[in-house]
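Notes follow once the structure below has been shown.
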Amino acid sequence: MRVICVAGARPNYMKVKPVMDALEERGAQVILVHTGQHYDPAMSEVFFDDLAIRRPDHFLGAGSGSHAVQTCRVMTAFEPLAFELAADVVVVVGDVNSTLACALVTAKLGVPLAHVEAGLRSRDRSMPEEINRLVTDRVSDYLFAPSADAVANLRAEGFSDEQIHLVGNVMVDTLLANADRAAARGTLAGFGLRPGQYGLVTLHRPANVDDPDVFGGLLSALAEISLSCPLVLPAHPRVDGRLRGAGLPPSVRIISPLGYLDFIALEASARLVLTDSGGVQEETTVLGVPCLTLRDSTERPVTITEGTNRLVGRDPDRIVAAVLEVLAGPPPPPRTPALWDGKAGRRVAAALVAGHDASDNNADCRLVDRQKG
């Protein structure tokens, strides 16, 4: 069984690693294709090193650009490669442009397509990721859902039960496999931090950082919050310059982007996290760290109903009030959703191998029938 696994951007690496490992344990030939959507060493190479992901078999070098340009570059680079490799199945993960691009190519080539993290919906079509999710799911043959709400979304959209597999969260596989390694690195001491004595912030979504009024309001909220709880903000490359030139007080500490292990170490020991990232909502749920999401919607509502996450929007006064409320009480205990147990990658691999074996058996039966005829 030959499988192409696609990764292109920082969120993909944590998701593809457990699937690759589980497939290789079952004897599959796994070909890793890196699209090059994220190519900065701080956003790419460090994750391969931290997670011990082997070097990609193929690097497409797509680079940055508008959504249309980037998607087009990935498609035109991936199509001849996918045709040449003639895989039995292509696995895409998450919701970035590389996910959509390789999904469309695969579907048009008639190769079975598997989407890991299927069924997530924010119902906000102004988010490019939401469009990527909707289209990728529609052309996929295997839909691997991380949670029961994702399964419900897929069923409501008319997908068959044969396509849908509730497998759990592959990002949690990676988190649980690396939590002890992260804790042992001495990251907090390196930054002069003490557990529970700081907040962690991530900001990168265009809706938050590209509108000057919204971005300015969020920065004013962070400045006020830092008077009660010092903040650490690893700067995404696309906003690093604006953050450092914004005149934030020293209590908002802007640092360079972190690798996976260092980020997990800071996340696990934070008093609270403020973020617009989907993956951070999931990680804080498992870690039992209060998470305030700086968005009006989330594609991961299970982190609210069964986790530590809370949507607080982008209004500065509301954000500050929510932080003060969190600081006034004890941290919540972890409440891990069903199947977020570190075995999601194995479930994905089991379903893919079973589907491939069934397809081979059906092909053998058809051959025998033709010979008899």
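With this note's numbering applied, the sequence shown closes on residue 594, and no number is skipped along the way.
Quick reminder that beta carbons are idealized off the backbone N, C-alpha and C, glycines included.
Since we're looking at a predicted model, the values are computed, not measured.
1) Is Ala230 buried or exposed, if buried means 16 or more other CB atoms sit within 10 Å of its CB?
2) Specify the secondary structure class of Phe380 as computed by DSSP and reduced to three states.
3) Bridge partners for Pro455 per DSSP, in chain order?
4) Decide yes or no for the touch test of the region 233-248 against the region 314-324: beta carbon pairs closer than 8 Å, at least 3 of them.
5) For Ala405 versus Leu440, is the C-beta spacing smaller than 7 Å?
6) Classify Gln291 as helix, strand or coil using the three-state DSSP reduction.
7) So which of Arg556, Ala303, His288 has the shortest CA-CA distance to Ile225?
8) DSSP beta-bridge partners for Arg531?
9) Do the CB positions of Ala366 and Val372 come within less than 7 Å of each other?
10) Are Pro511 and Pro552 close, meaning C-beta to C-beta below 7 Å?
11) For the putative contact between Ser490 and Gly413, defined by C-beta atoms under 8 Å, what is the C-beta separation to the nearest angstrom?
12) Between the region 378-395 and the region 459-466, are three or more C-beta pairs nearer than 8 Å?
13) List in chain order: all unbroken beta strand (DSSP E) runs of 3+ residues lying wholly within the region 315-370.
14) Helix, strand or coil for Ala559, going by three-state DSSP, please let me know.
15) Which first and last residues belong to the alpha helix (DSSP H) in which Gln502 is found?
16) Can you tell me whether Val224 is helix, strand or coil according to DSSP?
17) Quick check on the burial criterion: 16 or more other C-beta atoms within 10 angstroms. Buried or exposed for Asp271?
18) In this structure, does DSSP put Thr496 in helix, strand or coil?
19) Go to Val251, then tell me how far its beta strand (DSSP E) extends in each direction, as first and last residue.
20) Would you list the one or two residues that DSSP bridges to Phe269?
21) Secondary structure at Ile274, three-state DSSP: helix, strand or coil?
22) Taking only the alpha-carbon atoms, compute the straight-line gap between Gln291 and Gly437 and give it to the nearest angstrom.
23) Locate the beta strand (DSSP E) running through Val422, then write down its first and last residues.
24) When you compare each of Thr526, Pro470, Leu469, Gly500 to Tyr481 by their alpha carbons, which one comes out closest?
25) Anyone know if the C-beta pair for Val430 and Arg535 falls short of 7 Å?
26) Can you confirm whether the region 541-550 touches the region 444-455 when touching is taken to mean that 3 or more C-beta pairs between the two stretches lie within less than 8 Å?
27) Rounded to the nearest angstrom, what separates His457 and Arg556 at their Cα positions?
28) How big is the Cα-Cα spacing for Ser477 and Ser343?
29) I'd like to know whether the C-beta atoms of Met392 and Glu488 end up nearer to each other than 7 Å.
In short:
1) buried
2) coil
3) Ile476
4) yes
5) no
6) helix
7) Ala303
8) Leu513
9) yes
10) yes
11) Contact flag wrong, Cβ pair sits at about 13 Å.
12) no
13) 334-337, 363-366
14) coil
15) 499-508
16) strand
17) buried
18) strand
19) 250-255
20) For Phe269, which the question treats as bridged, DSSP gives no partner whatsoever.
21) coil
22) 28 Å
23) 420-422
24) Gly500
25) no
26) yes
27) 29 Å
28) 29 Å
29) no
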